[in-house]
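Colleague: Quick one: structure below, then a few questions.
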Amino acid sequence: MTTTVREWEFAGSRGAVSARIWARPDPRYIAVLAHGYGEHLGRYPHVAEALVRHGATVCGPDHMGHGRSAGERVLIEDVEDVVADLHTVVESARSDHPGLPVVLIGHSMGGLIAARYAQLHGAGLAALVLSGPVLGRWDALSELLALEEIPDAPIDTATLSRDPDVGRAYTADPLVWHGPFKRTTVQALQDCIDRINAHGPLGALPTLWVHGSDDRLVPLEGTRTGIEAVRGDDLTERIYPDARHEVFNETNRDEVLGDVTAFIDRVLR
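Counting in my numbering, the sequence shown runs from 768 upward without gaps.
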């Protein structure tokens, strides 16, 4: 089987957005990836390739101000703009493959974006996967907003994964943002959490929530309050003992990706 990887660019809400497609000639579904804060889609080829092997054509954007997309680094004024850019990618994939089911997979801030997308456009989705999503209550945001000046404190890469190579690669990646949070972005994330909580459940949309029990970046209990706010009729949760924030990059990543593909199989059946 041949995977073709292609990058393309479109006019996003606030400037040019770079998107990527891992295509296979005979897909049975479309998987859309929404990456996390400060990172980019170039950190996800192993996830994309696992999904391609499973039968997907995979696509996703670098969010505005992230990776290869335009805009001031990590500046997001309104998460609704990022959701709109994601919708452009979904609609493009849908036009290439009319009739195929769409599965949306969001990690961390991408989980926030994916959950909001599902609230607005859930009728067009077959399933939703949320990995360590920023939902419900993220105390880091309120703590940052209370400060007069946001400190330039890089994240401890040991919190990403028990695999030290993941932290080393993250530190060395020039497309990853290693500077401080921006107050505008922090406020936008908090506003989106509040909007999601107020909007309520996802109805019949099959949803898989995966999270590490030792996630110190986006702690489990804060996210659980958000999952309870949005959970619909079909929620599956997988909490991995001792796993940290990036479960797709964890030492048990094959187990996690296996749970994701098994969930997708169940939904598509």
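Note that beta-carbon positions come from the ideal geometry of N, C-alpha and C, so glycine has one too. Being a predicted model, the structure only gives us computed values, none of them experimental.
1) Between the beta-carbon of Leu892 and the beta-carbon of Val869, is there less than 7 Å?
2) My understanding is that Ile797 touches Ala823, with C-beta atoms under 8 Å, so please give their C-beta distance in whole angstroms.
3) Where do the ends of the beta strand (DSSP E) carrying Pro868 lie?
4) What residue range does the alpha helix (DSSP H) around Pro918 cover?
5) Could you check if Trp976 is buried or exposed, using at least 16 other CB atoms within 10 Å of its CB as the buried criterion?
6) If I follow the unbroken alpha helix (DSSP H) through Ala1029, where does it start and stop?
7) Only counting the same chain, and skipping five residues up and downstream in sequence, which positions put a Cβ closer than 6 Å to that of His830?
8) Would you grab the beta carbon distance between Arg1011 and Gly979 for me? Rounded to a whole angstrom, and I think it's under 8 Å.
9) Between which residues of its own chain and Leu1024 is the CB-CB distance below 6 Å, once the five residues before and five after are set aside?
10) In terms of DSSP beta bridges, what is Val799 paired with?
11) Take Lys949 and list the residues in its own chain whose beta-carbon comes closer than 7 Å to its own, dropping the five residues that flank it on each side.
12) Which residue from Thr992, Val784, His833, Arg781 puts its Cα closest to that of Ile960?
13) Nearest-angstrom Cα distance between Val1034 and Val799?
14) Identify, in the order they occur along the chain, each residue of the same chain with its Cβ nearer than 8 Å to the Cβ of Leu972, setting aside the five sequence neighbours on each side.
15) So, under 8 Å CB-CB, Met876 and Gly803 are touching, yes? Tell me the CB distance rounded to an integer number of Å.
16) With DSSP collapsed to three states, give me the class of Leu895.
17) Buried or exposed: where does Pro794 fall if 16 or more other Cβ atoms within 10 Å of its Cβ makes it buried?
18) Is it the case that the Cβ atoms of Pro828 and Asp845 are separated by a distance below 7 Å?
19) Is Ala790 closer than 7 Å to Thr771 when the C-beta atoms are compared?
Modeller: Considering the structure as presented:
1) yes
2) Contact between Ile797 and Ala823 holds: their C-beta atoms lie close to 7 Å from each other, under 8 Å.
3) Pro868 -> no beta strand (DSSP E), and no H or E assigned at all.
4) In the DSSP assignment, Pro918 falls outside any alpha helix (DSSP H) and carries neither an H nor an E.
5) buried
6) 1020 to 1035
7) Around His830, the same chain offers Val849 as residues with beta carbons nearer than 6 Å, after the five sequence neighbours per side are excluded.
8) With 8 Å as the limit, Arg1011 and Gly979 qualify as a contact, their Cβ atoms being about 5 Å apart.
9) Hits under 6 Å: Ala817.
10) Cys826, Leu871
11) Result list for Lys949: Val841, Leu842, in chain order.
12) Thr992
13) 16 Å
14) The residues are Ala885, Gly889, Leu892, Ala894, Leu895, Gly999, Asp1001.
15) 5 Å
16) For Leu895, the secondary structure class from DSSP, reduced to helix, strand or coil, is strand.
17) Counting the other CB atoms within 10 Å of its CB gives Pro794 a total of 16 or more, which places it among the buried residues.
18) Annotated as distal: Pro828 and Asp845, with beta-carbon spacing of 7 Å or more.
19) yes
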